[in-house]
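**Q** Structure provided below as structure tokens; questions to follow.
In full-length UniProt numbering, the protein residues as written are 1 to 174.
Structure follows, in structure tokens:
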């Protein structure tokens, strides 16, 4: 018993210190563990008294949601014969949609950067060409979708259109 007390007492002191309270007030997350704790606090507030069963339910459902996604909590309820209605299913779907939209937004930012760089390169090539008259083919350095620079042969008619997808661009093979 004394050995257990020696190991648990420092943890108890750290978790009950007043220095930890300002971090807990905002329920802000700084790492994965605190993110998990925030999801537990969202299900079972740490500012009010709750029975042991509600605390255990909050921890187990937060663990399932963190490991398998928000929709899995409803599936877990179905396994223990606790049917979930339409509202919890809608909430779970919105959680999945939020995470997908967040990742999609990151992809859209990368694509926006690529489009901006491509537009700037086209404008620079037009300025260097002095317009798009003549039938000569210019060599132009472009960035592909992985931001790798490639030399591309482009006809001047490429710059005259607004729909750039209709024109074939010849990329020399290395």
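Every residue gets a Cβ at the ideal spot worked out from N, C-alpha and C, and that includes glycine. Computed from a predicted model, the values in this text were never measured in an experiment.
(1) Taking DSSP as the reference, what is the three-state secondary structure of residue 66?
(2) How would you call residue 107, buried or exposed, if buried means at least 16 neighbouring beta carbons within 10 angstroms?
(3) Which of helix, strand or coil does DSSP assign to residue 49?
(4) Does the contact criterion of 3 or more C-beta pairs under 8 angstroms hold for the segment 59-74 versus the segment 37-50?
(5) Within the 7 angstroms Cβ cut-off, does residue 123 reach chain B?
(6) For residue 80, which three-state DSSP category applies?
(7) Under three-state DSSP, which class holds residue 17?
(8) Between the Cα of residue 55 and those of 103, 127, 39 and 70, spot the shortest distance and give me the residue it belongs to.
(9) Whose C-alpha, out of 115, 69, 78 and 80, is nearest the C-alpha of residue 98?
(10) Rounded to the nearest angstrom, what separates residue 78 and residue 57 at their Cα positions?
(11) What's the gap between the Cα of residue 102 and the Cα of residue 52?
(12) Exposed or buried, which one is residue 81 when buried takes at least 16 other CB atoms within 10 Å?
**A** So, to answer that:
(1) Locating residue 66 in the chain shown gives position 66, counting from the first residue. Looking at residue 66 - three-state DSSP - the assignment turns out to be helix.
(2) Mapped onto the chain shown, residue 107 falls at position 107. Answer is exposed; the Cβ neighbour count stays below 16.
(3) Position 49 of the chain shown, counting from 1, holds the residue named residue 49. Residue 49: coil per DSSP, three-state reduction.
(4) yes
(5) Looking for chain B here will not work: only one protein chain is present.
(6) Translated into positions along the chain shown, residue 80 becomes position 80. Coil, per DSSP.
(7) On the chain shown, position 17 is the one that residue 17 refers to. Of the three classes helix, strand and coil, the one that applies to residue 17 here is coil, per DSSP.
(8) Numbered from its first residue, the chain shown carries residue 55 at position 55. Comparing Cα positions, the closest option is 39.
(9) Counting from one through the chain shown, the residue named residue 98 turns up at place 98. Checking every option, the nearest Cα to that of residue 98 belongs to 69.
(10) Translated into the one-based positions of the chain shown, residue 78 becomes position 78. Translated into the one-based positions of the chain shown, residue 57 becomes position 57. Taking the straight line from one Cα to the other gives about 15 angstroms.
(11) By 1-based counting over the chain shown, the position of residue 102 is 102. By 1-based counting over the chain shown, the position of residue 52 is 52. Those two C-alpha atoms are separated by around 35 angstroms.
(12) Taking the chain shown and counting its residues from 1, the one referred to as residue 81 is at position 81. When all chains shown are included, residue 81 counts as exposed.
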